[in-house]
Amino acid sequence: DAGVTQSPTHLIKTRGQQVTLRCSPISGHKSVSWYQQVLGQGPQFIFQYYEKEERGRGNFPDRFSARQFPNYSSELNVNALLLGDSALYLCASSSHGGGNQPQHFGDGTRLSIL
Amino acid sequence: KQEVTQIPAALSVPEGENLVLNCSFTDSAIYNLQWFRQDPGKGLTSLLLIQSSQREQTSGRLNASLDKSSGRSTLYIAASQPGDSATYLCAPNSGNTPLVFGKGTRLSVIA
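These protein sequence lines are chains A and B, in that order. Okay, so the first sequence: first residue is 801 according to the numbering used here, each after it adds one. Okay, so the second sequence: first residue is 810 according to the numbering used here, each after it adds one.
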């Protein structure tokens, strides 16, 4: 079975532009979470979605938004990009939103802002 | 608010050594704790998940222990190999809150 897939793998944007990152969870998984990882740090939580509803939001500005589709795939959108948005963006899926389920991560999207 | 600390930040050992990575967390009200491996520029690979009711979990040369009451977990790697070189991250899971990560331990195993 395929794991969590993310696209694109790499992306280069300039300040002020907008970007959309995509994530397909493991088949049968209904919960998707997004994390941002800057160099040298652990991942920081951005959003969690379960059954197309937002379950949680981290301490990120309103420039960050996300949604989950009926097939449980998800998109993360970032508007008005800043240099500080350069990071590895990770998507994780789990079978449901409960805390006793393991999280499975994709390979991430490397976003570079020039 | 959950805070996670991993010690040491970096570790370099010769091939064949046994080693221990440490993880401490401030909120002991957790469901489980996951250990992950991350290769440079890559995503996270789940190594072990240890439930709050368990004391230990083993997978091959890896053994994770959990002392929930003291807020500590250790990852023991036996007979280390150069292929074990990576960053190791721990993440306690408190249920309806997201995973909280430490900064990780960067491991280098020298052949």
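Quick reminder that beta carbons are idealized off the backbone N, C-alpha and C, glycines included.
For residue j and residue i, the rounded distance between their alpha carbons
i: B/G850; j: B/Q811; result: 26 Å
i: A/G828; j: B/T914; result: 32 Å
i: A/G744; j: A/I826; result: Here chain A comprises residues numbered 801 to 914, so residue 744 of chain A is not present and cannot be evaluated.
i: B/I816; j: B/Y897; result: 11 Å
i: A/L876; j: B/Q847; result: 22 Å
i: B/P901; j: B/W844; result: 9 Å
i: A/L882; j: A/L888; result: 14 Å
i: A/K830; j: B/P823; result: 43 Å
i: A/A892; j: B/T867; result: 23 Å
i: B/I839; j: A/E854; result: 22 Å
i: A/E851; j: A/A866; result: 13 Å
i: A/D885; j: A/T814; result: 11 Å
i: A/Q818; j: A/I812; result: 11 Å
i: A/S833; j: B/A920; result: 38 Å
i: B/N841; j: A/G906; result: 21 Å
i: A/G856; j: B/G892; result: 36 Å
i: B/V909; j: A/N871; result: 27 Å
Residues of its chain near residue i, where Cβ-Cβ distance is below 7 Å and the 5 sequence neighbours each way are ignored
i: A/R863; result: V878, N879 and A880
i: B/A895; result: R846, Q847, D848 and L916
i: B/S837; result: K877, S878 and G880
i: A/G908; result: Q806, L888, Y889 and L890
i: A/V838; result: A887
i: A/Q868; result: V832, Y849, K852 and S874
Chain-ordered chain B contacts of residue i [CB-CB under 7 Å]
i: A/F905; result: G852 and L853
i: A/S833; result: P907
9 Å Cβ cut-off: residues of chain A touching residue i
i: B/K912; result: G840, Q841 and G842
Other residues of its chain near residue i: CB distance less than 6 Å, five sequence neighbours each side excluded
i: A/S980; result: Look at the range of chain A in this structure, 801 to 914, and you will see that residue 980 of chain A is not part of it.
i: B/T906; result: none
i: A/R910; result: H810 and L888
i: B/S833; result: T814, G880 and R881
i: A/L914; result: T814
i: A/S895; result: H829 and Q901
i: A/F860; result: I846
Residue i: contacting residues in chain B (beta-carbon distance under 8 Å)
i: A/F845; result: P907, L908 and V909
i: A/Q848; result: P907
i: A/N900; result: Y840, N841, Q860, N902 and G904
Proximal chain A residues relative to residue i, where beta-carbon distance stays under 7 Å
i: B/L898; result: G842
Neighbour list for residue i in chain B, Cβ cutoff strictly below 9 Å
i: A/L786; result: No statement about residue 786 of chain A is possible, as the shown extent of chain A runs from 801 to 914 and does not include it.
i: A/R910; result: G850
Beta-carbon contacts of residue i that lie in its chain and below 8 Å, excluding the five residues immediately before and after
i: A/G858; result: Q844, F845, I846 and F847
i: B/E865; result: I859, N872, A873, S874 and L875
i: B/L828; result: L820, V822, Y885, I886, S889 and L916
Residues that DSSP places opposite residue i in a beta bridge
i: B/N872; result: B/T867 and B/Y885
i: A/I812; result: A/S912
i: A/S893; result: A/V832 and A/H904
i: A/G856; result: A/Q848
i: A/Q818; result: According to DSSP, A/Q818 bridges with nothing at all.
i: A/L888; result: A/Q837 and A/R910
i: A/L876; result: A/L821 and A/A866
i: B/V918; result: B/V822
Quick one: complete beta strand (DSSP E) runs, 3+ long, within the stretch 875 to 909 of chain B? 881 to 886 and 895 to 902
Runs of beta strand (DSSP E) lying entirely within the stretch 811 to 866 of chain B, each at least 3 residues, in chain order: 813 to 816, 819 to 823, 828 to 834, 841 to 847 and 853 to 860
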